[in-house]
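Participant: The structure that follows is given in the form of structure tokens.
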Amino acid sequence: MTTPLSGRDVARQIGEHLPDAVTDFDETAVFVNGEALLEVARFLKENSELGFDYLAAITAVDFFQHFEVIYHLTSIKYNHSIVLKTRCCTRESPTLPSVIGLWRGADLQERDIYDLMGIAFEGHPNLKRIFLWDGFQGHPLRKDYQSAT
Amino acid sequence: MPLKTEPVMINFGPQHPSTHGVFRMRITFDGEVIVDMEPIFGYLHRGIEKLAESRTYTQNIPYTDRLDYLASMSNNLAYVMAVEKLAGIAVPERAEYLRVIMAELMRIASHLIAVGALLNDMGAFFTPFMYMFREREKILDLFEMVCGQRLTYNYMRIGGVSHDIPEEFLPAVKRFIDEMPGFVDEYDQLLAENEIVLARTKGVGILPVELAINASASGPVLRASGVKWDIRRADPYSVYDRFDFEIPTGKMGDAYDRYWVRIQEMRQSTRIVKQALGQLPQGEVRAKVPATFRPPQGEAYSHIEGPKGELGFYLVSDNSPNPYRFKVRAPSLINLTVLRDLCLGWKLADAIVIFGSIDICMGEVDR
């Protein structure tokens, strides 16, 4: 059984290393601020006790006041998992650092989010629309998106 | 005088039988050797994630049929499991067994297509494919008995399955399970040591284990690279912890191993169905859940080992009858992350085999 690590424990471990990164936590998830995302991700991957070697999924959700981006991380080595969440509070041009340098599996998923939710990932080498065409206006998965028809 | 050469770019697809749907690869060649490759997606994008936000949880089940339409039962299962987790709904035991039986039959059917299509891509034009279709047809007949459909089943329900199995199902599925190992032996006889299969797949498109994990590969693609990771065992769901089965893994991570793992998984799925039929309890097949209901505010991620890899659904509820966010973790899309790495340095004919060995369904890639 994959053990979901407690958000409190992981938040404490991150906090010992990166004091200002964690903004909140709950039973299963750790919330971090966007600027620290890459450092936290690196810590989660490279720490020998945590060893999150597998990025299962990235999801973005539009909550109007903010976008939430959710990283489902798994360690194949230890068979445990954690949910890492971060927020983007601007609708104009939300940006987060890309985690592609740590997990190549982020490549197409970040392009998916960029295309449909309009969140840019800094450092992604090929950030362009993946499903929709280049001239497409808007990002359909945003809650305020109005389709042309 | 030295000859001046320049790279040539060609478009492979989107309409081509070997792209398994509408998919394009923009390939740059130096002579015959691939020096660059970019996959281009989106020809089958229907916006299912957006559409799902304006339908109720129950109405969304048929949409999941249309993701990976070669494994609709598995999609149904992954989705209803996510809703049940979100709303805290318990499923009757008989329904859990029926779900496992359907999901494993679906895995066999999907792997049959994967192997048959791979052989097609190698130039064994439709003969192996028809052998595979012979067995797949029987599985589709079984599905038709339980839900009346042969492709888009819409069989699972939130809290169980739509109907109990009809009388004629059990003898038919038992017959199929008894026959299936013999058919797999037959494939082995025809293909496992076939000179052309070996020449075309051995050592072709090797996916190293570190890259497989780092690039979030899953399913047979990950296991062919030697990682013993199967969600049915690593994070058991439904009643999978009650069955005895092995997890086949490859050694090299080449196209042959990906083919081989699928063949072995068909044998294991047959074993699971046999055990599930032996343990199948009597009772209800569906918990009482109203067609329209409001799960409490919250979120749930649930994943299963689909035929193509980790199939996950992430649902966010705002306590309304429709999901606030409906996200599909599509193994077909994510497994294509490594396509460029696998193809570089090979020739066009190899790229087709490599692509075929990953086994994707465009309905799930583009959603």
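First to last, the protein sequences are chains F and B. So the first sequence is numbered by this note's numbering: it starts at 1 and just counts up by one. So the second sequence is numbered by this note's numbering: it starts at 1001 and just counts up by one. By construction, the Cβ of each residue, glycine as well, lies at the ideal position given by its N, Cα and C atoms.
1) Is the distance from the Cβ of leucine 1044 (chain B) to the Cβ of valine 1022 (chain B) below 8 Å?
2) Looking only at its own chain, which residues have a Cβ that is under 8 Å from the Cβ of glutamine 1282 (chain B), when we skip the five neighbours before and after it?
3) Does any residue of chain F have a CB that is nearer than 8 Å to the CB of arginine 1078 (chain B)?
4) How should serine 1357 (chain B) be labelled, buried or exposed, when 16 other C-beta atoms within 10 angstroms of its C-beta is the threshold for buried?
5) Taking only runs that begin and end inside the region 1196-1240 of chain B, name each unbroken alpha helix (DSSP H) of 4 or more residues, in chain order.
6) Compute the Euclidean distance between the alpha carbons of arginine 42 (chain F) and asparagine 79 (chain F), then round it to the nearest angstrom.
7) Assuming valine 1080 (chain B) is part of the alpha helix (DSSP H), what are its boundary residues?
8) Pull out every residue of the region 1220-1254 of chain B whose Cβ sits closer than 7 Å to any Cβ of chain F, in chain order.
9) Can you tell me whether serine 1018 (chain B) is helix, strand or coil according to DSSP?
10) Does the beta carbon of glycine 51 (chain F) sit closer than 8 Å to a beta carbon anywhere in chain B?
11) To which residues does DSSP link valine 1100 (chain B) through a beta bridge?
12) So for methionine 1009 (chain B), helix, strand or coil by DSSP?
13) Assign arginine 1258 (chain B) to one of two classes, buried (16 or more other C-beta atoms within 10 Å of its C-beta) or exposed (fewer than that).
14) Among the residues of its own chain, which have a CB less than 8 Å from the CB of valine 1227 (chain B), if the five just before and after it don't count?
15) With DSSP collapsed to three states, give me the class of glycine 1309 (chain B).
16) Note down, in chain order, every chain B residue with its Cβ under 9 Å from the Cβ of histidine 72 (chain F).
17) Is the region 1290-1297 of chain B close to the region 1094-1108 of chain B, with three or more CB pairs under 8 Å?
18) Flag serine 1216 (chain B) as yes if its beta-carbon sits less than 8 Å from any beta-carbon of chain F, otherwise no.
19) Tell me, please, whether the CB atom of aspartate 134 (chain F) is closer than 8 Å to any CB atom in chain B?
20) Chain F partners of histidine 1382 (chain B), CB-CB under 9 Å?
21) Roughly how far, in whole angstroms, is the beta-carbon of aspartate 144 (chain F) from the beta-carbon of phenylalanine 131 (chain F), given that I think they are within contact range, below 8 Å?
22) Between asparagine 79 (chain F) and chain D, is the shortest Cβ-Cβ distance under 8 Å, so that the two count as touching?
23) Where does tyrosine 1155 (chain B) fall in DSSP's three states?
24) Quick one: is arginine 104 (chain F) buried, meaning 16 or more other Cβ sit within 10 Å of its Cβ, or exposed?
25) Identify which residue in F:Gly51, F:Ala57, F:Phe52, F:Val61 has its Cα closest to the Cα of glutamate 1053 (chain B).
26) For phenylalanine 1129 (chain B), which residues does DSSP report across the bridge?
27) Let's test the definition: count the other Cβ atoms within 10 Å of the Cβ of valine 30 (chain F) and tell me whether it reaches 16, buried, or not, exposed.
28) Under a Cβ-count criterion, where at least 16 other Cβ atoms within 10 Å of its own Cβ denotes burial, should alanine 1090 (chain B) be classed as buried or exposed?
29) Which same chain residues end up closer than 8 Å to methionine 1145 (chain B) when comparing Cβ atoms and leaving out the 5 residues on each side of it in sequence?
30) Is there a Cβ from chain F that is less than 8 Å from the Cβ of arginine 1262 (chain B)?
31) Just to confirm my understanding: we take alanine 1351 (chain B), look at its own chain, exclude 5 residues before and 5 after, and list those with CB closer than 8 Å. What are they?
32) Whose C-beta lies closer than 8 Å to the C-beta of valine 1285 (chain B) among residues of the same chain, with five residues either side of it excluded?
33) Please report how far the alpha carbon of leucine 1140 (chain B) lies from the alpha carbon of arginine 1150 (chain B), in whole angstroms.
34) Hey, is phenylalanine 1126 (chain B)'s beta-carbon within less than 8 Å of any beta-carbon in chain F?
35) Out of F:Met117, F:Asp20, F:Ala21, point me to the one whose CA is closest to arginine 1325 (chain B)'s CA.
Facilitator: A quick look at the data gives this:
1) yes
2) Arg1094
3) According to the sequence displayed, residue 1078 (chain B) carries alanine and not arginine. Answer no: the Cβ-Cβ gap between alanine 1078 (chain B) and chain F never drops below 8 Å.
4) buried
5) 1209-1214, 1220-1224, 1231-1234
6) 18 Å
7) 1072-1087
8) Val1227, Trp1229, Ala1234, Asp1235, Pro1236
9) helix
10) no
11) Paired residues: none, contrary to the question.
12) strand
13) buried
14) Val1209, Ala1212, Ile1213, Thr1249
15) strand
16) Tyr1301, His1303, Gly1312, Tyr1314, Arg1329
17) no
18) yes
19) no
20) Since the first residue shown for chain B is 1001 and the last is 1367, residue 1382 (chain B) is missing from the structure and cannot be characterised.
21) Contact flag wrong, Cβ pair sits at about 20 Å.
22) In the displayed structure, chain D is absent; the protein chains listed are F and B.
23) coil
24) buried
25) F:Val61
26) Answer is none; phenylalanine 1129 (chain B) lacks a bridge partner.
27) buried
28) exposed
29) Ile1165, Pro1166, Glu1168, Phe1169, Ala1172
30) no
31) Phe1012, Met1025, Ile1027, Ile1034, Met1037, Cys1343
32) Pro1092, Arg1094, Ala1095, Leu1098, Gly1160, Val1161, His1163, Asp1164
33) 5 Å
34) no
35) F:Met117
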